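What follows is a short report on a single structure.
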Amino acid sequence: MAKLSLFERRRRRVRTAIKSRAGNRPRLSVHRTGKHIYAQIIDDAAGKTVAAASTLGGKSSGANVDAAAQVGKDIAAAAKKAGVSTVVFDRGGFLFHGRVKALADAAREGGLEF
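Under our numbering, residues 281 to 394 are what the sequence shown spells out, in order.
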């Protein structure tokens, strides 16, 4: 078996910790690339995506902190519409700073609790 990259090790460690603490709460998963940032709320029990938001074709474009904050606001609004108020934050293998932190802060301001 090939060695895992540092990113993959971080991602697995974060996911394991989330599964132990999540309870019945859905997961707010964040993915970022060089050009875009994506967020989705996933109900792992049902295996379905409840809400999603990204910089693809939305109000915001690009991959900067302002665009990430807009995605955070959008995902919070979509979650409210779907009836979700509390989630567990899944940053994946990404470090919690910059765009990921901006998205999380904006989602909290939008009314999501985590």
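Beta carbons are placed, not taken as given, at the ideal position from N, Cα and C, and that holds for glycine.
Predicted, not measured: the structure shown is a model, and the values here were computed from it.
Query: So for V364, helix, strand or coil by DSSP?; Result: coil
Query: Is it true that the region 340-354 meets the region 362-376, where meeting means three or more beta-carbon pairs spaced less than 8 angstroms apart?; Result: no
Query: Nearest-angstrom Cα distance between A332 and H377?; Result: 21 angstroms
Query: Between the C-alpha atoms of H311 and A387, what's the straight-line distance to the nearest angstrom?; Result: 15 angstroms
Query: For K328, list the residues DSSP reports as bridge partners.; Result: D323
Query: Between which two residues does the alpha helix (DSSP H) containing S300 stretch?; Result: L286 to R301
Query: Which residues bound the alpha helix (DSSP H) around R388?; Result: R379 to E389
Query: Need the endpoints of the beta strand (DSSP E) that R305 sits in, please.; Result: Careful: R305 lies outside any beta strand (DSSP E) and carries neither H nor E.
Query: With distances taken from CA atoms, which of I321, K283 and R289 is nearest L259?; Result: Here the chain covers residues 281 to 394 and nothing more, so residue 259 does not appear.
Query: Note down, in chain order, each residue of its chain lying with its Cβ closer than 6 angstroms to the Cβ of R379, except the 5 sequence neighbours on either side.; Result: R312, I317, V345 and A348
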